[in-house]
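As C-alpha cells, the structure follows; a few thoughts come after it.
Numbering (the working numbering), first residue to last: 999 to 1148.
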C-alpha cells in the first residue's frame, strides 16, 4: 500500500468489501478523510466503534511507514462531525454552569478523540480550563471543566 493516507484508506475499504468515495481535507491540526458510502451504518458501527477501529488501524499503518506521519481523522457520512457538534453543545451547557456557579464539573468518561476535541475547543477560552483525569474501569479518562485560575 502507498504512503498516501487517502489511497491507503481506499484500499482498506476495498479489502473490507466496502464501496465508498474518500475525500481529503486539511485542517490546522489534522488531516480529515471523509468516506461517503451507502453502507455508512456498517462502517460506523455501534456507537462509532467500527469507525474508531478503522481510524486507529489507518494511523498505525501510517506511523509504521513514517513515525512522523500526521494524525488522520476518519469520518463516515459526517458521523464524527455531527457527534462532535453534539459533544461541544453538551459541553458548552456544562461550561455555562461552571461560569455561573464556579464549581468544577466532571464530564462522562470519553475516548481520546472526544477529549482532544474538548481540550482544543477550550484551549483559547479565557474562563474555562479543561483537565483530563482517571475515569472509569475501561481506562477511559474524563474531563473536568473548571474556572481558570487568575
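Idealized CB from N, CA, C, for every residue including glycine.
Item, Value
"Would you mind listing the alpha helix (DSSP H) stretches within the stretch 1053 to 1100 that are 4+ residues and don't spill past its ends, in chain order?", "1077 to 1099"
"Around the Cβ of residue 1003, are there at least 16 other Cβ atoms within 10 angstroms (buried) or fewer (exposed)?", "buried"
"Could you check what DSSP says for residue 1048 in three-state terms: helix, strand or coil?", "helix"
"To the nearest angstrom, how far is it from the Cα of residue 1025 to the Cα of residue 1126?", "24 Å"
"State whether the stretch 1087 to 1105 contacts the stretch 1058 to 1078, with contact taken as three or more CB pairs (one from each stretch) at a distance under 8 Å.", "no"
"Within 10 angstroms of the Cβ of residue 1033, are there 16 or more other Cβ atoms? Answer buried if so, exposed if not.", "buried"
"Are the stretch 1031 to 1046 and the stretch 1069 to 1078 touching by the rule of at least three beta carbon pairs closer than 8 Å?", "yes"
"In terms of residues, what are the limits of the alpha helix (DSSP H) holding residue 1005?", "1003 to 1014"
"Using the C-alpha atoms, what's the distance from residue 1079 back to residue 1095?", "25 Å"
"According to DSSP, simplified to helix, strand and coil, what is residue 1127?", "strand"
"Give the single residue among 1006, 1083, 1013 and 1027 whose Cα lies nearest to the Cα of residue 1020.", "1006"
"Which term fits residue 1136, buried or exposed, when burial requires 16 or more other beta carbons within 10 angstroms of its beta carbon?", "exposed"
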